[in-house]
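Below is one structure, written out as structure tokens; comments come after it.
In our numbering, the protein residues as written are 664 to 764.
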């Protein structure tokens, strides 16, 4: 089992809109094809500074193959949607974590 983690750096003036988008749109999009499960949003402790704050959204996924298939089919749409909505006010990167215990 893997965790697909995306960490976002959000400009202070966009935090409320981003949280609403994450809860109302992004999680629904990610769960829509039943590839991902167990969504959670977390604030990165100690991440607040003059430029904004960081949050993480995590989803579980069964295998790396399924993640790569999803990524190939959907990643560019996700990136375009986020950029269209927030422009340079939201930056992000992804990591994949393997659940050990």
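Glycine included, every Cβ here is placed at the ideal spot set by N, Cα and C.
Pick out whichever of 733, 749 and 746 has its Cα sitting closest to the Cα of residue 694. Closest by alpha carbon: 733.
For residue 669 and residue 696, I'd like the C-alpha separation in whole angstroms. Using only the alpha carbons, I get a separation of about 18 angstroms.
Straight-line CA distance for residue 726 to residue 665? If I take the Cα positions, the gap works out to 7 angstroms.
Whole-Å CB distance - residue 722 paired with residue 701, under 8 angstroms assumed: Going by Cβ atoms, the distance from residue 722 to residue 701 rounds to 6 angstroms, so yes, they are a contact pair.
Given a cut-off of 8 angstroms on the beta-carbon distance, is the pair residue 674 and residue 709 in contact? Against a cut-off of 8 angstroms, the Cβ pair of residue 709 and residue 674 comes out as no contact.
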